[in-house]
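What follows is a set of notes on a single structure, which appears directly below.
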Amino acid sequence: MAKDIETTLRNIAANVASYVKDAAELRVETRYVEIKIGEDVATDFDQAQPAAQTIIKLDGDCQTTIPVRAGDEGLEIDDDLFDVHERNVAAAIEYRASMLKALLSALSSARE
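Per numbering that gives the first Met the number 0: the sequence shown = residues 0 to 111.
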């Protein structure tokens, strides 16, 4: 019994360590693919191109690359595409937080 608990704790600790390593950087990339309407060609999603990217590091550093286009007043943000990207980032942050909470809960339960 004690051996099983020790093995379980080691497995959980290894999983937590692996997750923390992966969690050191949250990278969200929003991509686009051109859909050709009226053509008899299937859309190739493997050809999707990056349109926006956000990298959030564990130490709080953040980098975002946003879509812009030339306008009358200079460069303008592509608001619709950026809105989709912001929602993707929010969903990724929420998912990351729920996974960390679940891992901490599992670790806490295993210690009891």
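Backbone N, C-alpha and C define an ideal beta-carbon position, used for all residues, glycine too. Note that this is a predicted model, so its numbers are computed, not measured.
- Separation of Ala-90 and Phe-81 (C-alpha to C-alpha, rounded to the nearest whole angstrom) is 14 angstroms.
- The beta carbon of Arg-95 sits closer than 7 angstroms to the beta carbons of Ala-22 and Leu-25 from its chain, once the five residues preceding and following it are set aside; these are given in chain order.
- The distance from the Cβ of Glu-75 to that of Val-67 is about 6 angstroms, consistent with a contact at the 8 angstroms cut-off.
- Contact check for Val-27 against Thr-64 fails: the beta carbons are separated by 8 angstroms or more.
- Scanning Thr-7, Val-88, Glu-33 and Ser-108 for the CA closest to the CA of Asp-45 turns up Glu-33.
- Counting only runs of at least 3 residues, the stretch 49–94 fully encloses the following beta strand (DSSP E) elements, listed from N- to C-terminal order: 61–64, 67–70 and 73–76.
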